[in-house]
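In the working numbering, the protein residues as written are 14 to 401.
All C-beta atoms in this analysis are idealised placements derived from N, C-alpha and C, irrespective of residue type, glycine included.
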Amino acid sequence: MLVSPRQAEGVQPTAAAAESRGAKAAASWHAAFARRRATVEGRAGVNPRRRSDSFKGSSITGAGSSCGGSSFGSSGWGSSSMSRSSSMSRSSSGSLARSDSTGFGPSRFVLRQRYEDIGLRYLVHKEQLGTGEYGAVRPCVEADSGRLLACKTIRKQQITKHEDAEAIRTEVACLWEVRGHPGIITMHDALEDGKRVHLVMELCEGGDLFRRVNQRGALSERSAARVCKALALAVLHCHRHGIMHRDIKPKNVLLLDDSDEPHIKLSDFGVATFFEDGDLLTEFAGTTQYIAPEVWKGQYGREADIWGLGALLYFCIAGVSPYRAPTKQQVAEAVLTQGVDFSLPCWRRVTPECIDLIASMLNKDPYGRITLVEVLQHPWVRRRHANA
């Protein structure tokens, strides 16, 4: 059982207190937003009743393969993702289209929808939840509802290639396709102006799984089983919608709050891609310590996501990734030639069922690897989760 710092100090947070703090913050931000919107609308001569509709009605085209240009570094918004782009794109409905060969400049449309002033619909706070190569993530409040959300802002001046714009469209298309699943971060809106692209997401205030394990220690088997089941369901949902995540790792798993057993969300679809049954991808994508052997070899399918989930589960129990080395080349060599290391002292206290599941997920043969349905039916997941 993980123990929060507040509990260690003998302070017992209550739902009522948390709700009160949230209500006060929302009220304060909402008032500031109203002042901001009145000022902006007064200058622009905008009729508030004619603000544009939500993103749902927009036409967004996603790339069939993407680059890691829209990933973010800290506070659970992903980092160090790698990908090589191609010239094929797939729309959110699944149809393929050849990308145009024209260059991309900061004045171009990224989302292929009309420009909007984010200040007319959201008040974006100055505090940064995370930063990355292309921008930052900040908390924001929605005008009409007062909901606290997170705004991922990407600077257009950093989007210098057509492939980068396609990657952002892919991320938006993927997030919209899987929207509504309880184990996947929810995107509420996507809009752009002349200088930036804004993706409005649900706010996860508990940080990410990587930071949680580093700060509080490895998870118990019961907690790890909860994480494994939730993520297996989330990834299975992605696969059934024709989406491969390609960057499953602890930093891309967000915690909804700071409780001992928080609800978790799979996030950062910055290198995700659409695929069809039987597709074998060749584009290199992912984060070094969580990349499957077949990705290193240059040809892979959806099974690569199961490897990433297995490496993540190993991290939850051991506090380190299964393959560790000073350089990317050494990690690749270890993944391709060495077995999973269960010699650390922590594994002596772990049940054989848990080790069996991780070993099955980290099978070097993608076609011999356990499936997500089999992961959910595995005795360790069913028994440990039943006792949670």
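Open item on the list: Here's the rule I'm using: 16 or more other beta-carbon atoms within 10 Å means buried, otherwise exposed. How should Arg56 be labelled?
Closed with: In the sequence shown, residue 56 corresponds to position 43, counting from 1. With a pLDDT of only 42 at Arg56, under 50, the local geometry of the prediction cannot be trusted, and no value is derived from it.
- [ ] Note the first and the last residue of the continuous beta strand (DSSP E) segment covering Lys278.
- [x] On the sequence shown, position 265 is the one that residue 278 refers to. For Lys278, the uninterrupted beta strand (DSSP E) segment begins and ends at Ile277 to Leu279.
- [ ] Mind the definition here: the segment 283-294 touches the segment 255-266 only if three or more C-beta pairs lie below 8 Å; say whether that holds.
- [x] yes
TODO: Using three-state DSSP, classify Ala203 as helix, strand or coil.
DONE: By one-based count along the sequence shown, residue 203 stands at place 190. Per DSSP, reduced to three states, the secondary structure at Ala203 is strand.
- [ ] Can you tell me the Cβ-Cβ gap for Glu184 and Gly283, rounded? I've got them flagged as a contact below 8 Å.
- [x] The sequence position of residue 184 within the sequence shown is 171, counting from 1. The sequence position of residue 283 within the sequence shown is 270, counting from 1. Yes, Glu184 and Gly283 are in contact; Cβ-Cβ is about 5 Å, under 8 Å.
Task: Nearest-angstrom Cα separation, counted from Val123 out to Lys455 - done: No answer is possible for residue 455: it lies beyond the span of the chain, which begins at 14 and ends at 401.
Task: Proximity winner among Arg395, Pro152, Leu375 and Trp189, relative to Leu142 (alpha-carbon distances) - done: Counting from 1 along the sequence shown, the entry for residue 142 is found at position 129. The shortest C-alpha separation from Leu142 is found at Pro152.
Task: Proximity to Leu389 [Cα-Cα], best of Tyr380, Met374 and Gln351 - done: Reading the sequence shown from its first residue, position 376 is the one you call residue 389. Considering only alpha carbons, the answer is Met374.
Task: C-beta atoms of Ile330 and Ala237 nearer than 7 Å - done: One-based indexing of the sequence shown puts residue 330 at position 317. One-based indexing of the sequence shown puts residue 237 at position 224. Cβ distance < 7 Å, so Ile330 and Ala237 count as in contact.
- [ ] Closer than 7 Å by C-beta to Ile368: which residues in its own chain qualify, once you throw out the five before and the five after it? Chain order, please.
- [x] Indexing the sequence shown from 1 puts residue 368 at position 355. Here the set comprises Phe355 and Trp360.
Open item on the list: Using 7 Å as the threshold, is the C-beta distance between Val213 and Leu162 below it?
Closed with: Against the sequence shown, residue 213 aligns to sequence position 200. Against the sequence shown, residue 162 aligns to sequence position 149. Going by C-beta atoms, Val213 is nearer than 7 Å to Leu162.
Task: Sub-7 Å separation of Gly196 and Leu279 beta-carbons - done: Looking up residue 196 in the sequence shown gives position 183. Looking up residue 279 in the sequence shown gives position 266. Yes, Cβ-Cβ distance for Gly196 and Leu279 is below 7 Å.
Open item on the list: With three or more C-beta pairs closer than 8 Å as the rule, is the segment 127-137 touching the segment 204-219?
Closed with: A contact is defined here as three or more CB-CB pairs under 8 Å, and the segment 204-219 meets this definition with respect to the segment 127-137.
Open item on the list: Quick check on Gly352: buried or exposed, where buried means 16 or more other Cβ atoms within 10 Å of its Cβ?
Closed with: For the purposes of this step, residue 352 is taken as residue 339 along the sequence shown, with counting starting at 1. Exposed: under 16 other Cβ atoms inside 10 Å.
Open item on the list: Once DSSP output is grouped into helix, strand and coil, what is the label at Asp270?
Closed with: Translated into positions along the sequence shown, residue 270 becomes position 257. The answer is coil: DSSP assigns Asp270 none of H, G, I, E or B.
Task: Cα-Cα separation, Leu249 to Ser158 - done: For the purposes of this step, residue 249 is taken as the residue at position 236 of the sequence shown. For the purposes of this step, residue 158 is taken as the residue at position 145 of the sequence shown. Those two C-alpha atoms are separated by around 32 Å.
Open item on the list: Is the separation between the beta-carbon of Ala324 and that of Pro335 shorter than 7 Å?
Closed with: As a working mapping, residue 324 is identified with position 311 in the sequence shown. As a working mapping, residue 335 is identified with position 322 in the sequence shown. Remark: C-beta atoms of Ala324 and Pro335 approach each other more closely than 7 Å.
TODO: Can you give me the Cβ contacts of Tyr303 inside the same chain, cut-off strictly under 6 Å, excluding the 5 residues immediately before and after it?
DONE: Along the sequence shown, one-based indexing puts residue 303 at 290. Counting only Cβ-Cβ distances below 6 Å, and skipping sequence neighbours, we find Lys262, Gly321 and Ala324.
- [ ] For the beta strand (DSSP E) holding Leu222, just list the boundary residues, first then last.
- [x] Translated into the one-based positions of the sequence shown, residue 222 becomes position 209. DSSP places Leu222 outside any beta strand (DSSP E); the residue lies instead in the alpha helix (DSSP H), whose first and last residues are Leu222 to Arg229.
TODO: Take Trp309 and list the residues in its own chain whose beta-carbon comes closer than 7 Å to its own, dropping the five residues that flank it on each side.
DONE: Start at 1 with the first residue of the sequence shown, and residue 309 comes out as number 296. Answer for Trp309: Ala345, Val348 and Leu349, listed in chain order.
Task: Backbone CA spacing between Ala231 and Asp177 [nearest angstrom] - done: Stepping through the sequence shown from its first residue, residue 231 is reached at position 218. Stepping through the sequence shown from its first residue, residue 177 is reached at position 164. Roughly 36 Å separates the two Cα atoms.
TODO: Taking all protein chains shown into account, decide if Val386 is buried (16 or more other Cβ within 10 angstroms of its Cβ) or exposed.
DONE: Here residue 386 refers to the residue found at position 373 of the sequence shown. Val386 is exposed by the Cβ-count criterion.
Task: According to DSSP, residues forming a beta bridge with Phe288 - done: Counting from one through the sequence shown, the residue named residue 288 turns up at place 275. Answer is none; Phe288 lacks a bridge partner.
TODO: Might you give, ordered along the chain, the residues of its own chain that have their beta carbon closer than 7 Å to the beta carbon of Tyr135, omitting 5 neighbours on each side?
DONE: Against the sequence shown, residue 135 aligns to sequence position 122. Closer than 7 Å at Cβ, skipping near neighbours: Cys153, Val154, Glu155, Ala156, Cys164 and Val213.
- [ ] Determine the burial state of Lys341: buried for a count of at least 16 other Cβ atoms within 10 Å of its Cβ, exposed for fewer.
- [x] Your numbering for residue 341 matches position 328 in the sequence shown. With fewer than 16 Cβ atoms within 10 Å of its Cβ, Lys341 is classed as exposed.
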